[in-house]
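A short write-up of the structure that comes next.
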DNA sequence: TATAATAACTAATGACATTAGTTTTGGCAA
DNA sequence: TTGCCAAAACTAATGTCATTAGTTATTATA
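Residue numbers (our numbering), protein chains in the order written: chain A, 134 to 321; chain B, 134 to 321.
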């Protein structure tokens, strides 16, 4: 049952992610990808349903990375330490894989069962990590929205050179996160 | 010196912004814009230096709106009230003009003297509004990075249907902002 | 009214994505 | 080993873009 010859979806995705990281998601074209893979571009349609499907697949691929990374980041940690570790990992990933991260946040809308499932897994990590704060259901969800917004916004501004100031990025992250968590503790 | 006939840059930008709002920035093509304006697409080059220039001009146009809006939002207000008002205005704008907002954050890098100037104006509004908190220079800048990240991330997730949960968006905004500001007050 | 500048136009090119139809190839059953 | 079938590659063609070059029309002003 296993095809030995030619491409498979996995290697195609890996190459696509590399291209996106190198040149930006906008420059990930089927032409360029085909060329990188030593193939004519219509051949890619045997593995991927056009450019939209490729981008959606990249988003899922990215989310899978993020889930693994973030689970790893909180092992053996709890409370503030866990949240800070998780945040730092998130931003480090966005820095290392800018094109892949771009694919993730330019889809975001759960456009496939796979991304929906991964979204839930991400959500659950946040919920678990916030348990020690005892915020209650509603406020936990508000808090998660806050954390996701902040992390995504920070990553996005970083990518688009939105931070011009000569000021250490990690210090900014740390300062802001500590302030927010302190506000949470003091009972919002 | 004033040309009476035909297009000018202003009406072109307004039409472009409308198109972007209706169909998303990706679907703002020179073809579509020309058609909307009753003109052939090469004619647009008399007013705009290709698509990249158009998008950059839209970004500046958006920033000008934002500066005006945010200045207006804090008139007669100070402290927490001013910051909450400013945040709400920012998000309201992103909701109302999604395509225009997209142009803004997909450029962001100060790619022209105009956007650089507008960036500084935006920055100064934040600085002024944070003065009552007496955070000192460094921490003020960290805080501004936090606010910008959060607001941008929130707007971006909202636009990409990143918030699936049945949970009021304005309440999330309010909860998160209050927690953060509380954390700031308690001396980070 | 004639001229110079401006802004529209047509035509052409090249990069894409995508589709249809054809050929090649490799696993598997006889 | 041989022949078949399905998968995956290919070529050819189409249509949509952005962009450039070169041409025509129009308007303000001298």
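All residues carry an ideal CB built from backbone N, CA and C; glycine is no exception.
Check: Taking 9 Å as the CB-CB cut-off, is residue 137/B touching chain A?
Finding: Low confidence applies to residue 137/B: its pLDDT is 42, below 50, so where it sits in the model is not reliable, and the reading given next is rough at best. With 9 Å as the cut-off, residue 137/B does not count as an interface residue toward chain A.
Notebook entry, point to check: Sorted by chain position, which residues of the same chain lie with C-beta nearer than 6 Å to residue 221/B's C-beta, five sequence neighbours on each side aside?
Noted result: none
Checklist line | Interface flag, residue 239/B vs chain A, CB-CB below 9 Å | finding: Yes, residue 239/B counts as interfacial toward chain A.
Notebook entry, point to check: Counting Cβ pairs closer than 8 Å, one from the region 194-201 of chain A and one from the region 261-281 of chain A, do we hit at least three?
Noted result: no
Next item on the list: Tell me, please, whether the region 183-192 of chain B touches the region 228-245 of chain B by the rule of three or more beta-carbon pairs shorter than 8 Å.
Entry: yes
Notebook entry, point to check: Do residue 172/B and residue 313/A have their C-beta atoms closer together than 9 Å?
Noted result: The Cβ atoms of residue 172/B and residue 313/A lie no closer than 9 Å to each other.
Item checked: Cβ-Cβ separation, residue 274/A to residue 287/A (assumed contact under 8 Å), whole Å -> A Cβ-Cβ separation of about 20 Å leaves residue 287/A out of contact with residue 274/A under the 8 Å criterion.
Check: What are the boundary residues of the alpha helix (DSSP H) that includes residue 253/A?
Finding: 246-263
Margin query: Tell me the DSSP secondary structure of residue 316/A in three-state form.
Written below: helix
Notebook entry, point to check: Which bits of chain A does residue 228/B rub up against, with CB to CB less than 7 Å?
Noted result: The premise fails here: residue 228/B is roughly 14 Å from chain A at the closest Cβ pair, so nothing lies under 7 Å.
Check: Apart from the five residues on each side of it in sequence, which residues of its chain come closer than 7 Å, Cβ to Cβ, to residue 146/B?
Finding: Here residue 146/B has 190, 191 and 194 as same chain residues with Cβ atoms under 7 Å from its own Cβ, once five neighbours each way along the sequence are excluded.
Note to self: Taking the straight line between their C-alpha atoms, what separation do you get for residue 256/B and residue 141/A?
What the structure shows: 49 Å
Margin query: Here's the rule I'm using: 16 or more other beta-carbon atoms within 10 Å means buried, otherwise exposed. How should residue 214/B be labelled?
Written below: exposed
Next item on the list: Using the Cα positions of residue 281/B and residue 267/A, report the straight-line distance between them to the nearest angstrom.
Entry: Each residue's Cα considered, the two are about 28 Å apart.
Check: Roughly how far, in whole angstroms, is the beta-carbon of residue 293/B from the beta-carbon of residue 225/A, given that I think they are within contact range, below 8 Å?
Finding: No, residue 293/B and residue 225/A are not in contact; Cβ-Cβ is about 22 Å, not under 8 Å.
Checklist line | Proximity to residue 158/B [Cα-Cα], best of 180/B, 184/B and 176/B | finding: 184/B
Item checked: Where the alpha helix (DSSP H) through residue 154/B begins and ends -> 142-156
Margin query: Could you tell me which whole alpha helix (DSSP H) segments of length 4 or greater appear in the region 158-189 of chain A?
Written below: 163-170
Next item on the list: Taking C-beta pairs closer than 7 Å, name the residues in chain B that residue 179/A reaches, listed in chain order.
Entry: Residues of chain B passing the Cβ test: none, with the nearest at roughly 26 Å.
Next item on the list: Using alpha carbons as the reference points, say which of 186/B, 216/B, 177/B and 290/B lies closest to residue 277/A.
Entry: 290/B
Note to self: Considering only the alpha carbon of each residue, which of 272/A, 295/A, 298/A and 318/A lies closest to residue 299/B?
What the structure shows: 272/A
Notebook entry, point to check: Counting along the chain, where does the alpha helix (DSSP H) carrying residue 223/B start and finish?
Noted result: 212-229
Check: chain B partners of residue 312/A, CB-CB under 8 Å?
Finding: 276, 279, 313, 316, 317 and 321
Checklist line | Environment of residue 137/A [buried if 16+ CB atoms lie within 10 Å] | finding: Confidence is the limiting factor: at residue 137/A the pLDDT is only 41, short of 50, which leaves the residue's position unreliable and the question unanswerable from this model.
Item checked: Distance between residue 160/A and residue 167/A (C-alpha atoms, nearest Å) -> About 13 Å.
Notebook entry, point to check: In terms of alpha-carbon separation, which member of 182/B, 186/B and 143/B lies closest to residue 170/B?
Noted result: 143/B
Check: Mind listing which residues of the region 249-273 of chain A have their C-beta closer than 8 Å to chain B's C-betas, in chain order?
Finding: 252, 271 and 272
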